[in-house]
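Sequential numbering of the sequence shown, starting at 21, is according to the numbering used here.
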Amino acid sequence: MRILLTVGHSKLKNGSYTSADGTEMGGGNEYKFCKSLSTYLKKELQAKGHEVDRVVCPEDVFTKSTEEKQYKLAIEKATNYDLTIELHLNASSNINAEGCEVLYKTANGKKYADKIQKKLATLFKDRGVKQRNDLYILNQTRSPAVLIEVFFCTNKKEWKYAKANKKKIAKVIAKAL
Ligand SMILES: [Zn+2]
21 MRILLTVGHS
31 KLKNGSYTSA
41 DGTEMGGGNE
51 YKFCKSLSTY
61 LKKELQAKGH
71 EVDRVVCPED
81 VFTKSTEEKQ
91 YKLAIEKATN
101 YDLTIELHLN
111 ASSNINAEGC
121 EVLYKTANGK
131 KYADKIQKKL
141 ATLFKDRGVK
151 QRNDLYILNQ
161 TRSPAVLIEV
171 FFCTNKKEWK
181 YAKANKKKIA
191 KVIAKAL
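Structure below.
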């Protein structure tokens, strides 16, 4: 497959991140983790024979998060991708909130979401797949799309595990495709 792999959020011109940050709860920064995980995932997907374009928004350039959308969608629409995958981490004010979930909009997206969720749930608590109609990466891409909330960046236990197991996480996601 020809896959577009995008990293959710960005680092703005003023130095702030548009992502969640669980550092104060013993976790860490969503964007930074997903950016790192995406390099592992790209390798694992390529090893399975997929063609992968990885997209990270330029850092210290945008002044608002809405610029991320235009940047990513322009890239997605320029090529005929079979699948778009966007990486995110969940966040909660409840320190015990945990687990993985994969979001989708279309029936085509759900096929991939189901497969990824099944594999990811071997590493994190299974929160199931969820249909969302209000996210641009799911409702404005030409290709079927999934948004993976890998785990909670606000959960200390999950953060510690995930930080030490990026390659393993990338492998199980790649195995699903
Ligand atoms: Zn996010």
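All C-beta atoms, glycine included, are put in the ideal place defined by N, C-alpha and C.
Fill in: Leu167 versus Lys150, Cys173, Ala182, Tyr181, residue with shortest Cα-Cα distance
Just measuring C-alpha positions, the residue of Lys150, Cys173, Ala182, Tyr181 sitting nearest Leu167 is Lys150.
Discussion item. Excluding the 5 residues flanking Tyr101 on each side, which residues of the same chain have their C-beta closer than 6 angstroms to its C-beta?
Written reply: Residues Arg22, Leu24, Ser163 of the same chain have their beta carbon placed closer than 6 angstroms to that of Tyr101, with the five preceding and five following residues left out of the count.
Fill in: Any non-hydrogen atom of ligand 2 closer than 7 angstroms to Ala40 Cβ
For ligand 2, the structure offers nothing, since it holds only ligand 1.
Item to complete: Let me know the beta strand (DSSP E) ranges lying completely inside the region 72 to 119, each 3 residues or longer, listed in chain order.
Response: For the region 72 to 119, the continuous beta strand (DSSP E) assignments of 3+ residues that do not extend past its boundaries occur at 103 to 110, in sequence order.
Fill in: Extent of the continuous alpha helix (DSSP H) run through Phe172
It is not in any alpha helix (DSSP H) - Phe172 instead sits in the beta strand (DSSP E) that spans 165 to 172.
Item to complete: Please name the residue in Lys195, His29, Pro78 whose C-alpha comes closest to that of Phe53.
Response: In terms of Cα proximity to Phe53, the closest of Lys195, His29, Pro78 is His29.
Worksheet item: Is any heavy atom of ligand 1 found at a distance shorter than 7 angstroms from the C-beta of Gly119?
Response: Checking the Cβ of Gly119 against ligand 1 gives no.
Discussion item. Need the endpoints of the beta strand (DSSP E) that Gly129 sits in, please.
Written reply: Taken as a continuous stretch (DSSP letters only), Gly129 belongs to no beta strand (DSSP E), being part of the alpha helix (DSSP H) at 127 to 140.
Practice prompt. Using a threshold of 8 angstroms, state whether the C-beta atoms of Tyr203 and Lys89 are closer than that.
Written response: Residue 203 falls outside the range modelled here, since the chain spans only 21 to 197, and no answer is possible.
Worksheet item: Nearest to Leu103 by alpha carbon, out of Lys130, Ala117, Lys84?
Response: For Leu103, the nearest C-alpha among the options comes from Lys130.
Discussion item. By the three-class DSSP mapping on this structure, what secondary structure does Thr59 have?
Written reply: Three-state result, Thr59: helix.
Worksheet item: Any heavy atom of ligand 1 closer than 7 angstroms to the Cβ of Gly47?
Response: No, the Cβ of Gly47 stays beyond 7 angstroms of every heavy atom of ligand 1.
Discussion item. Suppose you measure from the CA of Ala184 to the CA of Arg147; what does that come to, to the nearest Å?
Written reply: For Ala184 and Arg147, the distance between alpha carbons rounds to 22 angstroms.
Worksheet entry | Start-to-end residues for the alpha helix (DSSP H) that takes in Leu158 | That run of the alpha helix (DSSP H) goes 156 to 159.
Item to complete: Compare the beta carbon distance of Leu143 and Val192 with 8 angstroms and say whether it is the shorter of the two.
Response: In this structure, Val192 lies closer than 8 angstroms to Leu143 by Cβ.
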